[in-house]
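A short write-up of the structure that comes next.
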Amino acid sequence: MLTDAKVRKIKPSEKKTKYPDEKSMYLEVTPSGGMHWRMKFRFNGKENIFSIGSYPETTLA
Numbered sequence: 010m011l012t013d014a015k016v017r018k019i020k021p022s023e024k025k026t027k028y029p030d031e032k033s034m035y036l037e038v039t040p041s042g043g044m045h046w047r048m049k050f051r052f053n054g055k056e057n058i059f060s061i062g063s064y065p066e067t068t069l070a
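For the sequence shown, my numbering begins at 10 and goes up steadily by one.
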């Protein structure tokens, strides 16, 4: 499970990286340092991704 302290320590890499949290939610970190909360879900048999918000504007609380 991700915590605020763990998220603050994450550094960007050369490729987009996904850090899983709970169930289908994850933090996506871009090479430029952007951090975005995403949630993966299925609707009518198709996988979709819902963008929740950017970190730190959208926190874990």
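C-beta: ideal position from N, C-alpha, C; glycine also.
Query	Result
Starting from the C-beta of Pro21, find all residues in its chain whose C-beta is less than 6 Å away, skip the five residues before and the five after it, and write them out in chain order.	Val38, Pro40, Gly42
Checking 8 Å against the spacing of the C-beta atoms, do Ser63 and Arg47 come in under that value?	no
Looking only at its chain, what residues have a beta carbon closer than 7 Å to the beta carbon of Glu23, apart from the 5 residues adjacent to it on each side?	Pro40
Specify, as a first and last residue, the run of the alpha helix (DSSP H) that Lys27 falls within.	It is not in any alpha helix (DSSP H) - Lys27 instead sits in the beta strand (DSSP E) that spans 26 to 29.
By Cβ distance below 6 Å, which residues in the same chain neighbour Pro29 in space, the five residues on each side in sequence not counted?	Tyr35
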